[in-house]
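See structure below.
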Amino acid sequence: MIHKNVITDFSSEEHEPTIDETAYVHPMAAVIGNVTLGRRVMVSPFAAIRGDEGQPLFVGDESNVQDGVIIHALETEHEGNPIEKNLVEVDGEKYAVHVGSRVSLAHQVQIHGPAAVGDNSFVGMQSLVFKARVGTGCVVEPGCILLGVSIPDGRYVPCGTILKDQADADALPEITEDYAFRTLNDGVVHVNTSLADGYNKAGFISILRQTQHK
3 MIHKNVITDF
13 SSEEHEPTID
23 ETAYVHPMAA
33 VIGNVTLGRR
43 VMVSPFAAIR
53 GDEGQPLFVG
63 DESNVQDGVI
73 IHALETEHEG
83 NPIEKNLVEV
93 DGEKYAVHVG
103 SRVSLAHQVQ
113 IHGPAAVGDN
123 SFVGMQSLVF
133 KARVGTGCVV
143 EPGCILLGVS
153 IPDGRYVPCG
163 TILKDQADAD
173 ALPEITEDYA
183 FRTLNDGVVH
193 VNTSLADGYN
203 KAGFISILRQ
213 TQHK
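Each residue of the sequence shown is one higher than the last, beginning at 3 in the numbering used here.
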């Protein structure tokens, strides 16, 4: 399901998703509105990337959005005026949600903007990132809740952690050579980029491309 958003008092323009030709969106996933998907992005069944409220939403090259993941955001405008508190800035540009390159969002993760996840990070199953930022090269183990904090680069969040205080976020352990999940994301990215390549090569094309070729 790939289609444009509708016009409302919090969304003054219609946007079709911008999806790189090497990305793959499963027909049972939803990508709606002001969304950009980069090269070799894999969007699995029952994922929803919904840029019809807060926008824009961005997913960088070689990232994966696994089964049941939700990417959504609080409204970022009202009657044509931006709501700055609901935007995050990355490299001088503003987004409702920004997911960097080679990021893994594992099964049933929720990224609810304003939020950002840095390059080469892994967010584990059933974790929530809301009004929060995850740095570069981080691991968020399964079942975590991150609210209103920024995770420094190269840190990991132990399984089941609830983080609401920046001092606690700053005290998170660093990823060292002996950390068990130090290289986990490399393998997950390899699997999902290979799946995107394979499904595209085999002709399992997205609904958007079917529509465009009619």
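Quick reminder that beta carbons are idealized off the backbone N, C-alpha and C, glycines included.
Minimum C-alpha distance to residue i - residue among the options
i: A169; options: I177, G150 and T178; result: G150
i: V45; options: V27, S103 and N122; result: V27
i: A171; options: D199, A49, V193 and R157; result: R157
i: K166; options: A134, T185 and R184; result: A134
i: R42; options: R104, L186 and C140; result: R104
i: K96; options: G126, G82, L76 and P58; result: P58
i: V33; options: F124, N83 and K6; result: K6
i: G40; options: G53, P19, A49 and N88; result: P19
i: S129; options: G102, C161 and V90; result: C161
i: N122; options: P144, P116 and D63; result: D63
i: F183; options: N88, A198 and G126; result: G126
i: G53; options: V141, G70 and E77; result: E77
i: A118; options: F60, G145 and G70; result: F60
i: N88; options: V101, H114 and G102; result: H114
i: P47; options: V37, V67 and T38; result: V67
Per-residue burial, residue i [other beta carbons within 10 Å of its own, 16 or more giving buried]
i: I173; result: First, the residue type needs correcting, since residue 173 is Ala and not Ile in the sequence shown. Result: exposed.
i: D180; result: exposed
i: I73; result: buried
i: N83; result: exposed
i: T185; result: exposed
i: I9; result: exposed
i: S14; result: exposed
i: T193; result: In the sequence as displayed, the identity of residue 193 is Val instead of Thr. Exposed is the call here.
Length of the line joining the Cα atoms of residue i and residue j
i: I147; j: V92; result: 22 angstroms
i: E79; j: T178; result: 41 angstroms
i: S65; j: V136; result: 15 angstroms
i: V205; j: T24; result: It is Gly, not Val, that sits at residue 205 in the sequence shown. Between G205 and T24, the C-alpha separation is close to 12 angstroms.
i: G35; j: I21; result: 11 angstroms
i: A98; j: V131; result: 13 angstroms
i: P175; j: D11; result: 43 angstroms
i: E55; j: I85; result: 12 angstroms
i: I51; j: G120; result: 18 angstroms
i: E16; j: A75; result: 17 angstroms
i: A31; j: G200; result: 17 angstroms
i: A49; j: V191; result: 17 angstroms
i: D188; j: P29; result: 26 angstroms
i: L197; j: D69; result: 13 angstroms
i: G145; j: T163; result: 7 angstroms
i: V159; j: V90; result: 21 angstroms
i: V37; j: E143; result: 26 angstroms
i: V101; j: C140; result: 13 angstroms
Cβ contact check for the segment 151–160 and the segment 94–114: 3 or more pairs under 8 angstroms: no
Unbroken stretches of the alpha helix (DSSP H), 4 residues or longer, contained in the segment 151–216: 168–172, 186–204 and 209–214
Length at least 3, wholly inside the segment 20–103: the beta strand (DSSP E) runs in chain order: 32–35, 37–39, 50–53, 59–61, 72–75, 90–92, 95–97 and 99–101
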